[in-house]
Amino acid sequence: MDMMKMLGQLQESQQRVETLKKKLSQETIEEKTGDQLLSVEVYKNGRLKNIQIDDELLEDKEQLIDYIILTLNKALEKAQKDFDNQVEAEARKGLPSIPGMGF
């Protein structure tokens with residue numbers, strides 16, 4: 001394969017990945033507790049967007065803290081997984097098969 005063509009494909013792939021990362025930084029994932037008392041929304045790049053807390057949780061500080069930690073961690077885990085999967089898939093698109101590169 002022509003080295004210049006391969007470099008061009010790599011640059012195009014890198015540009016697509018950067019465009020996707022910008023897009024994903026605007027997309028969100030929402031996670032709720034089973035009883036719907038707490039909801040968190042995070043951007044797919046791992047930044048927190050919103051937390052909704054039912055008044056019932058305000059009566060028990062320890063329970064509220066536990067809910068926030070558990071629910072936020074679930075949302076961040078989902079966001080990171082989705083972000084990584086989409087970026088990896090985009091990075092592989094159109095790349096030439098290069099021996100030893102694992103593609």
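In terms of the UniProt record's numbering, the sequence shown opens at residue 1 and continues consecutively. Heads up, the beta-carbon is just placed ideally off N, CA and C, and yes, glycines get one too.
Endpoints, beta strand (DSSP E) assigned at residue i
i: Ser25; result: Segment: none, Ser25 is in no beta strand (DSSP E) and carries neither H nor E.
i: Gln86; result: Element bounds for Gln86: not the beta strand (DSSP E) but the alpha helix (DSSP H), Lys61 to Arg92.
i: Leu48; result: Leu48 to Ile53
Backbone CA spacing between residue i and residue j [nearest angstrom]
i: Glu41; j: Gln80; result: 13 Å
i: Lys78; j: Lys5; result: 36 Å
i: Lys21; j: Phe83; result: 8 Å
i: Gln63; j: Leu76; result: 20 Å
i: Glu90; j: Met3; result: 21 Å
i: Ile69; j: Glu59; result: 17 Å
i: Lys32; j: Thr71; result: 7 Å
i: Ser13; j: Lys93; result: 7 Å
i: Val87; j: Thr19; result: 10 Å
i: Gly8; j: Gly34; result: 49 Å
Residues sharing a beta bridge with residue i, DSSP
i: Tyr43; result: Thr28
i: Leu38; result: Ile53
Distance between beta carbons of residue j and residue i, contact taken as under 8 Å
i: Lys49; j: Ser25; result: Going by Cβ atoms, the distance from Lys49 to Ser25 rounds to 11 Å, so no, they are not a contact pair.
7 Å CB neighbourhood of residue i in its chain, flanking five on each side removed
i: Glu56; result: Leu37
Chain-order list of residues whose beta-carbon lies under 6 Å from that of residue i (same chain, five-residue window excluded)
i: Arg16; result: Glu90
i: Gln52; result: Ser39
i: Ile29; result: Val42, Ala75, Lys78 and Ala79
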